[in-house]
Amino acid sequence: MSKQPLLEVKNLKQYFPIKGGVLGRTVNHVKAVDDISFEVYEGETVSIVGESGCGKSTTGRAILRLDEPTAGEVNFDGEDLLSLNKSKMREKRKDLQIIFQDPYASLNPRQTVGQIIEEVLKIQNIGTSSKDRREKIISLLETVGIGAHQVDRYPHEFSGGQRQRIGIARALSVNPKLIICDEAVSALDVSIQAQVLNLLKELQRKFQLTYLFISHDLGVVRHISDRIIVMYLGKVVEISDTQSLFENPQHPYTRALLSAIPSMNFEEEKRERIILTGDVPSPIDPPKGCRFHTRCPYKMERCAIEEPVLNSVSDGQRVACHLVEKGAVDYTKIPVNS
Amino acid sequence: MGQQQLQPNINISLTEKPVKKSRWLAFMKKLAKNKAAIAGAIVVLTVFILAILAPWIAPYDPTHIEMSKKFQGPSAEHWLGTDDKGRDILSRLLYGSRISLTVGILSTLLGAIVGVVLGIVAGYYGKWIDSLIMRFCDVLLAFPGILLALAIISILGPSTANTIIAIAIFAVPTFARIVRGSTLGVKKLEYVDAIRAMGSRDSRIIFKHILPNITSPIIVQATLYIASAIITASALSFLGLGTQPPTPEWGTMLANGRSYLAQAPHITLFPGLVILLVVVGFNLFGDGLRDALDPKTKK
Chain C
6 MSKQPLLEVK
16 NLKQYFPIKG
26 GVLGRTVNHV
36 KAVDDISFEV
46 YEGETVSIVG
56 ESGCGKSTTG
66 RAILRLDEPT
76 AGEVNFDGED
86 LLSLNKSKMR
96 EKRKDLQIIF
106 QDPYASLNPR
116 QTVGQIIEEV
126 LKIQNIGTSS
136 KDRREKIISL
146 LETVGIGAHQ
156 VDRYPHEFSG
166 GQRQRIGIAR
176 ALSVNPKLII
186 CDEAVSALDV
196 SIQAQVLNLL
206 KELQRKFQLT
216 YLFISHDLGV
226 VRHISDRIIV
236 MYLGKVVEIS
246 DTQSLFENPQ
256 HPYTRALLSA
266 IPSMNFEEEK
276 RERIILTGDV
286 PSPIDPPKGC
296 RFHTRCPYKM
306 ERCAIEEPVL
316 NSVSDGQRVA
326 CHLVEKGAVD
336 YTKIPVNS
Chain A
3 MGQQQLQPNI
13 NISLTEKPVK
23 KSRWLAFMKK
33 LAKNKAAIAG
43 AIVVLTVFIL
53 AILAPWIAPY
63 DPTHIEMSKK
73 FQGPSAEHWL
83 GTDDKGRDIL
93 SRLLYGSRIS
103 LTVGILSTLL
113 GAIVGVVLGI
123 VAGYYGKWID
133 SLIMRFCDVL
143 LAFPGILLAL
153 AIISILGPST
163 ANTIIAIAIF
173 AVPTFARIVR
183 GSTLGVKKLE
193 YVDAIRAMGS
203 RDSRIIFKHI
213 LPNITSPIIV
223 QATLYIASAI
233 ITASALSFLG
243 LGTQPPTPEW
253 GTMLANGRSY
263 LAQAPHITLF
273 PGLVILLVVV
283 GFNLFGDGLR
293 DALDPKTKK
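Chains C and A are the protein sequences, given in the same order.
Numbering of the first sequence is given in my numbering, commencing with residue 6 and proceeding in unit increments.
Numbering of the second sequence is given in my numbering, commencing with residue 3 and proceeding in unit increments.
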């Protein structure tokens, strides 16, 4: 993939200040996202995975400037979003959309479904008359599987899955190029999850959408992604195409994460289980060197001092770990408990 | 069996009524269950009607002095008696209710508008503007209400209009605080983020998405505040700093009757009772509103 990326995140940082003391001065920062870079190409689905608090949702919000990032660049379609002023950004927003995790909180309870979508159309000046908009709303809702007779109902009259479909219709209404799905199916039942995921895939084909899919559910991620970004404590530890990641994970953290997926395959009994000890360190004062070294079963002296950078290990797979730099011994052969 | 039960369900979903009406109905039902709130509402409503009808139902001119009839107790001619200048107390109370309600409502409205704007700006934009507004509110709140009102009146001079301004200024921080808190809560909701991600202007977010969702605490606070505004207005008039005589006002009437407490207690008794009744009425009604509007007290 040598073409121009649709979205290019460069050295993105998101520090949230911690206020303290009588004067409310900033005493410290939560380094939610600390210097991450990645690209998303047109038409692909890239997932960001990681455990709670690793900064994956923050990354999504920072790209959309829902929270103003501390530093970095977000190049979208050749333009740095962070350098745009308020009104330019407002126009640009129709190209980037977001689907939220909680389908109960993401729709205004005081608006009907039709009003919710109509408002978006009005904001972005889509449609010439209210009749024209109404037709568009109905066709959008039908695209996501909501019937025309349900246009004038309120969100609370729908189920979680239906609400998420409404959220998707809202995101689609402005013809975006990129949709950020922030845990878009996590709040849904497994059976509904599958339906919504299939809908997302179908819409991607139909409208040439690009997805940045944020999730902690590796099963879901495997099903939908072309490439996967693994994050740990505000850092990217591994970027890889889906197949390589699941078949040949490189970073010890990725391996631990994958080994935690419950399996229904009983023949595969000998699967290695890597159980991490300890908790995720605080993002206020992250460990020096490699952020994962405090929990890594293979840590070396070097890991506590020097921060690893993302290195290509194969075509389409990049890892930030001293163990897997070129020419190093295959650490996976070393027994864990030594 | 299963199909028979399914049939009515489908019918219901097709003939569904808009939720706005049902929500309003649920609110009214909840309010109606609260006896104290109903009593409060009746008192408030009665005072309103009496105030509006005062010119037609008052038996006498409230400022008409008739020295020959001074200090008369309640009688068929003067239901609530006359004061030290022979003015009819009932008529004065009826006309006085116009002043008290006007002051109570106008000052609350004025204070609420300014307070809501400040509160939303503070809550929505945060950062230094939030600190600035909230510290300003803290300063105002640090003074006892009546003291602040006295200070403002002494600057502006005593009159009904200035009483309204003084009480409104004191209402500002109360509303600003409540609104700021609610705004902070609503701002964090995902649908506000969603509409922001759609490229909406701040003004649209504030007026269409935040304000409608924080109206309940504002309405409750306003109702309760009218009561304390009426008390403060009466207190100011009592001290001679509010509405000036001979305009009939409850606080002025109290002050006027104070000198004759031993000979003619009814001159102070009736205005006092009316103030009590109206204030309790507003408070009960406000409390009932709060209970009915609070989704947590669903029963």
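Even glycine gets a Cβ: it sits at the ideal position worked out from N, Cα and C.
{"Check": "Buried/exposed call for C/Pro108, threshold 16 Cβ in 10 Å", "Outcome": "buried"}
{"Check": "Completely contained alpha helix (DSSP H) runs for the segment 180–227 of chain C, where each covers 4 or more residues", "Outcome": "195–212"}
{"Check": "For C/Leu12, the first and last residue of its enclosing beta strand (DSSP E)", "Outcome": "12–25"}
{"Check": "Option nearest C/Ile131 by Cα separation, candidates A/Val174, A/Leu120, A/Met200", "Outcome": "A/Met200"}
{"Check": "Cβ of A/Met200 within 8 Å of any chain C Cβ", "Outcome": "yes"}
{"Check": "Simplified DSSP state of A/Phe284, which is helix, strand or coil", "Outcome": "helix"}
{"Check": "Paired residues, beta bridge with C/Asp39 - DSSP", "Outcome": "C/Lys18"}
{"Check": "Spatial neighbours of A/Thr234 in its chain, beta-carbon cut-off 7 Å, leaving aside the 5 residues before and after", "Outcome": "Gly147, Ile148, Ala151, Ile169"}
{"Check": "Length-filtered (4 minimum) alpha helix (DSSP H) runs lying within the segment 27–107 of chain C", "Outcome": "61–68, 91–97"}
{"Check": "Own chain residues within Cβ distance below 6 Å of A/Ala38, not counting five before or after", "Outcome": "Leu286"}
{"Check": "Close beta carbons around A/Ala114, own chain, < 7 Å, minus the five adjacent residues each side", "Outcome": "Ala173, Phe177, Ile220, Ala224"}
{"Check": "Bridge-paired residues (DSSP) for A/Thr84", "Outcome": "A/Asp90"}
{"Check": "Where C/Met236 falls: helix, strand or coil (DSSP)", "Outcome": "strand"}
{"Check": "Any chain A beta carbon closer than 8 Å to C/Glu123", "Outcome": "no"}
{"Check": "Local conformation of C/Gln322 per DSSP, three classes", "Outcome": "strand"}
{"Check": "Reference A/Asp289; option with closest CA among A/Tyr227, A/Val105, A/Thr48", "Outcome": "A/Tyr227"}
{"Check": "Start-to-end residues for the alpha helix (DSSP H) that takes in A/Val141", "Outcome": "129–144"}
{"Check": "Nonlocal neighbours in the same chain, by C-beta distance under 7 Å from A/Val118, ignoring five residues either side", "Outcome": "Phe177, Val181, Ile220"}
{"Check": "Cβ-Cβ distance between A/Ser133 and C/Gly29 below 8 Å", "Outcome": "yes"}
{"Check": "Rounded C-alpha distance that separates C/Gln102 from C/Leu177", "Outcome": "8 Å"}
{"Check": "Closest by C-alpha distance to C/Ile3, when choosing among C/Gly48, C/Ser92, C/Thr282, C/Val54", "Outcome": "This structure gives no information on residue 3 of chain C, because the portion of chain C shown stretches from 6 to 343."}
{"Check": "Straight-line Cα distance separating C/Asp39 from C/Ser249", "Outcome": "25 Å"}
{"Check": "Proximal chain A residues relative to C/Ser62, where beta-carbon distance stays under 7 Å", "Outcome": "Under the 7 Å cutoff, chain A gives no residues; its nearest Cβ is about 11 Å from C/Ser62."}
{"Check": "Cβ pair C/His327, C/Arg307 closer than 8 Å", "Outcome": "yes"}
{"Check": "Test: C/Glu96 CB closer than 8 Å to a CB of chain A", "Outcome": "yes"}
{"Check": "C/Gln120 beta carbon near the ligand GTP (any heavy atom closer than 7 Å)", "Outcome": "This structure simply doesn't include the ligand GTP, nor any ligand for that matter."}
{"Check": "N-terminal and C-terminal residue of the alpha helix (DSSP H) that A/Ile233 is part of", "Outcome": "217–240"}
{"Check": "Where A/Ala79 falls, given that 16 or more other Cβ within 10 Å makes a residue buried", "Outcome": "Inspection of the sequence shows that residue 79 of chain A is occupied by Glu rather than by Ala. Exposed, by the Cβ-count rule."}
{"Check": "Bridge-paired residues (DSSP) for A/Leu174", "Outcome": "Rather than Leu, the amino acid found at residue 174 of chain A in this sequence is Val. Paired residues: none, contrary to the question."}
{"Check": "Where A/Asn215 meets chain C, residues with beta-carbon distance less than 9 Å", "Outcome": "Asn113, Pro114, Arg115"}
{"Check": "Option nearest C/Cys301 by Cα separation, candidates C/Glu311, C/Ile280, C/Ser287, C/Val318", "Outcome": "C/Ile280"}
{"Check": "Cβ-based neighbour list, C/Leu126, same chain, cut-off 8 Å, excluding 5 preceding and 5 following", "Outcome": "Gly132, Arg138, Lys141, Ile142, Ser178, Val179"}
{"Check": "Neighbour flag for A/Thr17 against chain C, beta carbons, 8 Å", "Outcome": "Unreliable placement is indicated for A/Thr17, whose pLDDT of 41 sits below 50; the coordinate value is still reported in the next sentence. By this cut-off, A/Thr17 is not an interface position."}
{"Check": "Min CB distance A/Leu295 to chain C below 8 Å", "Outcome": "no"}
{"Check": "Proximal chain A residues relative to C/Lys99, where beta-carbon distance stays under 7 Å", "Outcome": "Gly201"}
{"Check": "Range covered by the alpha helix (DSSP H) that runs through A/Asn36", "Outcome": "Looking at the DSSP string, A/Asn36 is not in any alpha helix (DSSP H), and its letter there is neither H nor E."}
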